[in-house]
Amino acid sequence: MDSANSGYGENMVRGFHTSLHQVSHLAGFLPGRHEASGRIWIDDDGHVHVQNPRALHGLYPVILVPPAESGITVEVNGKKARGNEIVVQASDQIVIDTIPQPPLSRFDIHVDDAGMSAVLTVEYRMGLTRMIESTEPATRLVIPVKTQVESPQPITVEEVLSELNRIGIHNDRVDHAALLDFVNRQKSGSVTVAQGIPAVSGTSESYQPLPLETKTRYYRGVAVDRPGFVEIGEIIGILVPGEASHPGITVWGTPILPTPPPPNVFKLGDGVEMMERGMHLVATRSGRVRWEPGSVRVIPEKIHAGPVRKTLTYDGDLIIEGDVQGKVTVVASGHIIVTGSVMDAEIVAKEQVWIFGETQGTVIYSGHKAVSDQDVQQQLRRLNEVLWILEHGYHQVCERMPETPVVPGKIFDWLVQTKFPEWRSLVQWLEKIGTRSPYRKNPDLRLLVEDILPLIEREQLFHIQDVSLLERIHEGIQHFLDAAQHSEQGEQLSGVFLKVAVHTMIRSLGPVTLQDARLCDIESGESVDISGQMIGGNITAQESITVRILGSEEGIDTFVSVVNPNGWIRSHVIYPQTVVQIGTYTEDFTTAMTDVVIDQV
1 MDSANSGYGE
11 NMVRGFHTSL
21 HQVSHLAGFL
31 PGRHEASGRI
41 WIDDDGHVHV
51 QNPRALHGLY
61 PVILVPPAES
71 GITVEVNGKK
81 ARGNEIVVQA
91 SDQIVIDTIP
101 QPPLSRFDIH
111 VDDAGMSAVL
121 TVEYRMGLTR
131 MIESTEPATR
141 LVIPVKTQVE
151 SPQPITVEEV
161 LSELNRIGIH
171 NDRVDHAALL
181 DFVNRQKSGS
191 VTVAQGIPAV
201 SGTSESYQPL
211 PLETKTRYYR
221 GVAVDRPGFV
231 EIGEIIGILV
241 PGEASHPGIT
251 VWGTPILPTP
261 PPPNVFKLGD
271 GVEMMERGMH
281 LVATRSGRVR
291 WEPGSVRVIP
301 EKIHAGPVRK
311 TLTYDGDLII
321 EGDVQGKVTV
331 VASGHIIVTG
341 SVMDAEIVAK
351 EQVWIFGETQ
361 GTVIYSGHKA
371 VSDQDVQQQL
381 RRLNEVLWIL
391 EHGYHQVCER
401 MPETPVVPGK
411 IFDWLVQTKF
421 PEWRSLVQWL
431 EKIGTRSPYR
441 KNPDLRLLVE
451 DILPLIEREQ
461 LFHIQDVSLL
471 ERIHEGIQHF
481 LDAAQHSEQG
491 EQLSGVFLKV
501 AVHTMIRSLG
511 PVTLQDARLC
521 DIESGESVDI
531 SGQMIGGNIT
541 AQESITVRIL
551 GSEEGIDTFV
561 SVVNPNGWIR
571 SHVIYPQTVV
581 QIGTYTEDFT
591 TAMTDVVIDQ
601 V
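If you count by UniProt numbering, then the sequence shown holds residues 1 to 601, one letter each, in order.
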């Protein structure tokens, strides 16, 4: 390239002028700086020309280096220019070039390892042709570029079908509509163009529960709904035919054979028999139907005649024909119905609680579902696993010493001391878990603890004479784990229905209905309905509260709250020192009012 040399030493002069250029804001203090500075330009043939400064105080010209993504490269003396700008002089060899970007259209077909899908991926890229344009002489060169865009050649359906055929994709498995629609869009992306059909394994015939009509039974003239309750001779299940298996096919047209369905093993428990030809299951006794994976049984209701003086548990419906008094606990996985009064006790039911006498100083839980806490289930599985290993160890000792009497408890003691020191911590955990909140509210867990703990607590395991007792523990733990995964057949109703309650705490997922309440703490997942008077205490309901008389003339603090902001509170009379709350709205009554309806609608 043609240029004139200033005659100064290259490094010194260039370094001096570069430094001045970097502080170009001082140019205003040096008269004639711009006129004395060098020039740079591009001619019509694309050649770069550089003119050095005409005086010592002039600046060398500068090239603004385009970014990497611009497709323009600048080389000075055979080296690629770096940074945002570079100072040049007449002796430099400068080459400005463009990077070609031809149009691109390509596709790829990927088939998964199982041969169940073929995915077409298309990539389009526009072609760019860049041309360097000429410039006028200036102290700074901004490289002007003219760009022409070239569209890529579109991919055709025929090309894709040809490739699918080449890699062995069966034409019947190709989704021609999806392929045509996607290719015609002429856009980059992916689409599934061929799919196999998975094999479908059939099912074996199995017994399924039939819908049961909710029975209504009467206690002291009061109607109580009993969902899932059946009478003798009632049909409870039907044999459902299995579904046929269907073979599959890959995108290559290769058949896929289905795996045969596992045989259905179904156990008929107590209270259930198979009818003629095995098409139906019938109840042979009255009680609650319980379906579990692979089995069904009818659990009769337990009737306890007389007062309850100690802890009473039952896996089913429990009817107490008498009073419950003293520091005792009553637990059932169904209904609990008490025809007498309840004093200073704890009542835990998975479903409804009915008490026809007075309730005083009592704690009531109703409707709390199966424990899903993973830590609890993991601990119980480990407890069961250790018991299985202990039992297996006992049988191994018996096989090696067939002539010697072996006491199971002694073998268990030796195995625990030598192999399983964690056993005692597992038992201690079980002793505590039944009394801890929130687990103490759960009837399934309470029943399990009450059933198996007497067999293993306080070294009792080491005194067992009959190894078959371990079967009871295994079944109890497994029943609890199953209950955490499956619910009983029929709707599970929860709720608490009392007459007069004094100093009683109630926690119910369902509704709570009383005649009168005094100094009670009540929480309901639905509604609370008190037909008489509530004096003192607290009520919290999810949806609504209806109380005929709230508070008392004596002005005892009473608080009622509805969680749902769209809920309501109704009362015929509200006395002073009563606070009502709906959602975030609160009202404090300082004077008596009648026929009150409070809502936020």
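Even for Gly, the Cβ is constructed at its ideal location relative to N, Cα and C.
Computed from a predicted structure; not experimentally measured.
Compute the Euclidean distance between the alpha carbons of L128 and V88, then round it to the nearest angstrom.
Along the sequence shown, one-based indexing puts residue 128 at 128. Along the sequence shown, one-based indexing puts residue 88 at 88. Looking at the two C-alpha atoms, the distance is approximately 29 Å.
Of the residues P198, G532, L383, which one's Cα is nearest the Cα of H474?
The count along the sequence shown starts at 1 and reaches residue 474 at position 474. Of the candidates P198, G532, L383, the one whose C-alpha sits nearest the C-alpha of H474 is L383.
Based on the DSSP secondary-structure assignment, which residues constitute the bridge partners of M534?
Start at 1 with the first residue of the sequence shown, and residue 534 comes out as number 534. According to DSSP, M534 bridges with A517, L550.
Could you check whether V597 and V580 sit closer than 8 Å to each other, using their CB atoms as the reference points?
Within the sequence shown, residue 580 is the residue found at index 580, counting from 1. Within the sequence shown, residue 597 is the residue found at index 597, counting from 1. It is not a contact, given that the beta carbons lie outside the stated cut-off.
Environment of T591 [buried if 16+ CB atoms lie within 10 Å]
Sequence index remark: in the sequence shown, residue 591 carries index 591 (1-based). Counting Cβ neighbours within 10 Å, T591 comes out exposed, since fewer than 16 surround it.
I'd like to know whether the C-beta atoms of T362 and T504 end up nearer to each other than 8 Å.
If you number the sequence shown from 1, residue 362 lands on position 362. If you number the sequence shown from 1, residue 504 lands on position 504. Yes. Within cutoff.
Can you tell me which of R220, V230, I197, G202 puts its alpha carbon nearest to the alpha carbon of L210?
Position 210 of the sequence shown, counted from the first residue, corresponds to residue 210. Residue V230 is the option with its Cα nearest to L210.
Just to confirm the assignment: which complete beta strand (DSSP E) runs, minimum length 3, are found wholly within the region 298 to 370?
302 to 305, 312 to 314, 318 to 321, 329 to 332, 336 to 338, 346 to 349, 352 to 355, 363 to 366
Can you say whether Y218 is buried or exposed, counting buried as having 16 or more other CB atoms within 10 angstroms of its CB?
As a working note, residue 218 is residue 218 in the sequence shown. It counts as exposed.
If you draw a straight line from the alpha carbon of M126 to that of P102, how long is it in whole angstroms?
The residue labelled residue 126 in the question sits at position 126 within the sequence shown. The residue labelled residue 102 in the question sits at position 102 within the sequence shown. Their backbone Cα atoms lie some 7 Å apart in a straight line.
Ignore the nearest five residues each way along the sequence and tell me which others in R54's own chain have a CB closer than 6 Å to its CB.
Against the sequence shown, residue 54 aligns to sequence position 54. So the qualifying residues of the chain are A36.
Excluding the five sequence neighbours on either side, which residues of its own chain have a C-beta within less than 7 Å of the C-beta of E491, listed in chain order?
Position 491 of the sequence shown holds residue 491. Note that E491 scores a pLDDT of 47, beneath 50, so its modelled location is shaky; the value from the coordinates is reported in the next line. P227.
Please give me, in chain order, every unbroken run of the beta strand (DSSP E) with length at least 3 that falls completely inside the region 227 to 265.
235 to 240
May I ask you to report which of helix, strand or coil DSSP gives R82?
Locating residue 82 in the sequence shown gives position 82, counting from the first residue. Reduced to three states, the DSSP call for R82 is coil.
Would you call the region 295 to 313 and the region 410 to 424 touching, i.e. three or more CB-CB distances under 8 Å?
no
Across the region 168 to 185 and the region 244 to 256, are there enough close Cβ pairs to call them in contact, namely three or more that are closer than 8 Å?
yes
Three or more C-beta pairs below 8 Å linking the region 255 to 266 and the region 190 to 204
yes
Other residues of its chain near T192: CB distance less than 6 Å, five sequence neighbours each side excluded:
For the purposes of this step, residue 192 is identified with residue 192 of the sequence shown, where counting begins at 1. Hits under 6 Å: S117, V119.
Please return the same chain residues whose Cβ sits closer than 8 Å to the Cβ of G287, not counting the five positions on each side in sequence.
As a position in the sequence shown, residue 287 is number 287, starting the count at 1. Within the same chain, G287 has close Cβ partners F229, V230, G271, V298, I299, P300, E301, G316, D317.
Nearest to G495 by alpha carbon, out of W291, R33, G83, D225?
Start at 1 with the first residue of the sequence shown, and residue 495 comes out as number 495. Comparing Cα positions, the closest option is D225.
Enumerate in chain order the residues of its own chain whose CB-to-CB distance from D451 is below 6 Å, with the five nearest sequence positions on each side excluded.
Reading the sequence shown from its first residue, position 451 is the one you call residue 451. Here the set comprises G476.
Ordered along the chain, which non-local residues of its own chain (more than five positions away) have a Cβ less than 6 Å from that of G28?
In the sequence shown, counting from the first residue as 1, residue 28 sits at position 28. Summary for G28: the model assigns pLDDT 43, below 50, so the residue's position carries little reliability; its value from the coordinates is reported in the next sentence. Nothing listed; no residue qualifies.
Return the first residue and the last residue of the beta strand (DSSP E) that V502 is part of.
Within the sequence shown, the letter at position 502 stands for residue 502. Unbroken beta strand (DSSP E) run through V502: 500 to 502.
When you compare the region 390 to 408 with the region 461 to 471, are there three or more beta-carbon pairs, one atom per stretch, that lie closer than 8 Å?
yes
Bounding residues of the alpha helix (DSSP H) (the contiguous stretch that carries T34)
As a working note, residue 34 is residue 34 in the sequence shown. Residue identity check: residue 34 is His in the sequence provided, not Thr. Start and end: 33 to 36.
Between which two residues does the beta strand (DSSP E) carrying I96 extend?
Sequence index remark: in the sequence shown, residue 96 carries index 96 (1-based). Taken as a continuous stretch (DSSP letters only), the beta strand (DSSP E) holding I96 covers 94 to 98.
Where the beta strand (DSSP E) through T578 begins and ends:
In the sequence shown, counting from the first residue as 1, residue 578 sits at position 578. Per DSSP, T578 belongs to the beta strand (DSSP E) from 578 to 582.
Going by beta carbon distance, what residues of the same chain come within less than 6 Å of T540, once the five residues before and after it are set aside?
Translated into the one-based positions of the sequence shown, residue 540 becomes position 540. These residues qualify, in order along the chain: E523, S561.
Just mark A4 as buried or exposed, buried being the case when its beta carbon has 16 or more other beta carbons within 10 Å.
Translated into the one-based positions of the sequence shown, residue 4 becomes position 4. For A4, the predicted model reports a pLDDT of 37, less than 50, meaning its position is unreliable; a value from the coordinates is still stated below. Its Cβ having fewer than 16 others within 10 Å, A4 is exposed.
By the DSSP assignment, the alpha helix (DSSP H) with K146 in it spans what residues?
Position 146 of the sequence shown, counted from the start, is the residue given in the question as residue 146. Note, K146: premise wrong, no alpha helix (DSSP H); beta strand (DSSP E) at 145 to 150.
At what residues does the alpha helix (DSSP H) containing D444 begin and finish?
On the sequence shown, residue 444 is found 444 positions in, with the first residue counted as 1. Where D444 is concerned, the enclosing alpha helix (DSSP H) stretches over 443 to 456.
Thinking C-beta only, is P152 closer than 8 Å to residue 603?
Only positions 1 to 601 of the chain appear in this structure, which leaves residue 603 out of reach.
With P209 as the anchor, note down where its alpha helix (DSSP H) starts and where it stops.
By 1-based counting over the sequence shown, the position of residue 209 is 209. No alpha helix (DSSP H) holds P209; the beta strand (DSSP E) holding it covers 206 to 209.
Taking the runs of the alpha helix (DSSP H) that are 4 residues or longer, which of them lie wholly in the region 156 to 224?
157 to 166, 176 to 185
Strictly by DSSP, which residues pair up with D466?
Here the question's residue 466 lines up with position 466 in the sequence shown. Paired residues: none, contrary to the question.
Output the distance between the C-alpha atoms of P565 and E543, rounded to the nearest integer angstrom.
Stepping through the sequence shown from its first residue, residue 565 is reached at position 565. Stepping through the sequence shown from its first residue, residue 543 is reached at position 543. Distance between the alpha carbons of P565 and E543: 9 Å.
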